[in-house]
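Trainee:
Numbering (this note's numbering), first residue to last: 1 to 137.
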């Protein structure tokens, strides 16, 4: 299954409109080996056909609201986006302190259950490991 086919399948399963922009952006995120900034994604998409910057922002925010992508805040105050190919976003991230790239760590165990005081409920957990990626080490 190609990235475009997988993106279309996820969009259809979610129930949203399958637009060319949504399909292209989600496919690019699914194929990326790491989380991408808006500018990295914009450059990547421009290799085939440029996508309007505002449209890209809107598509990314829509994908995040629908649970098809997540955004990760970097210490450099730049958002990075990655596709969520499964129903839940439950994994850690690795932030390289040198090149500022962010990678998803799918195999790193995260707390399955948090014991919070009475009355609190968990809606999300962010775990970011910092260091140097293999390229920068």
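Note that the Cβ used here is the ideal one computed from N, Cα and C, for glycine as well. As the structure is a prediction and not an experimental result, all values here were calculated from the model.
Give the DSSP-derived three-state secondary structure of residue 130 in the structure shown.
Mentor: Sequence index remark: in the chain shown, residue 130 carries index 130 (1-based). Residue 130 falls in the strand class under three-state DSSP.
Trainee: Rounded to whole angstroms, what's the CA-CA distance from residue 74 to residue 134? Just pull it up for me.
Mentor: Taking the first residue of the chain shown as position 1, residue 74 is located at position 74. Taking the first residue of the chain shown as position 1, residue 134 is located at position 134. Taking the straight line from one Cα to the other gives about 18 Å.
Trainee: Should the segment 56-64 be regarded as contacting the segment 26-39, the criterion being three or more beta carbon pairs within less than 8 Å?
Mentor: A contact exists between the segment 56-64 and the segment 26-39.
Trainee: Am I right that residue 3 and residue 66 are in contact with their C-beta atoms under 8 Å? What's the rounded C-beta distance?
Mentor: Taking the chain shown and counting its residues from 1, one reaches residue 3 at position 3. Taking the chain shown and counting its residues from 1, one reaches residue 66 at position 66. That pair is no contact at about 18 Å.
Trainee: Mind listing, in chain order, the continuous beta strand (DSSP E) runs of no fewer than 3 residues lying wholly within the segment 13-88?
Mentor: Listed in chain order, the complete beta strand (DSSP E) runs (minimum 3 residues) inside the segment 13-88 are 69-73, 79-83.
Trainee: Contact check, residue 105 vs residue 120 under 8 Å by CB: the rounded distance?
Mentor: Residue mapping note: residue 105 aligns to position 105 of the chain shown, counting from 1. Residue mapping note: residue 120 aligns to position 120 of the chain shown, counting from 1. About 26 Å separates the two Cβ atoms, so there is no contact after all.
Trainee: State the DSSP-derived secondary structure class of residue 116, mapped to helix, strand or coil.
Mentor: The count along the chain shown starts at 1 and reaches residue 116 at position 116. Three-state result, residue 116: coil.
Trainee: Excluding sequence positions up to five away, which residues of its chain have a Cβ less than 6 Å from the Cβ of residue 128?
Mentor: As a working note, residue 128 is residue 128 in the chain shown. Same-chain partners within the cutoff: 93, 95.
Trainee: Since residue 103 contacts residue 43 with CB under 8 Å, what's their CB separation in whole angstroms?
Mentor: By one-based count along the chain shown, residue 103 stands at place 103. By one-based count along the chain shown, residue 43 stands at place 43. Contact doesn't hold; Cβ gap of about 19 Å is too wide.
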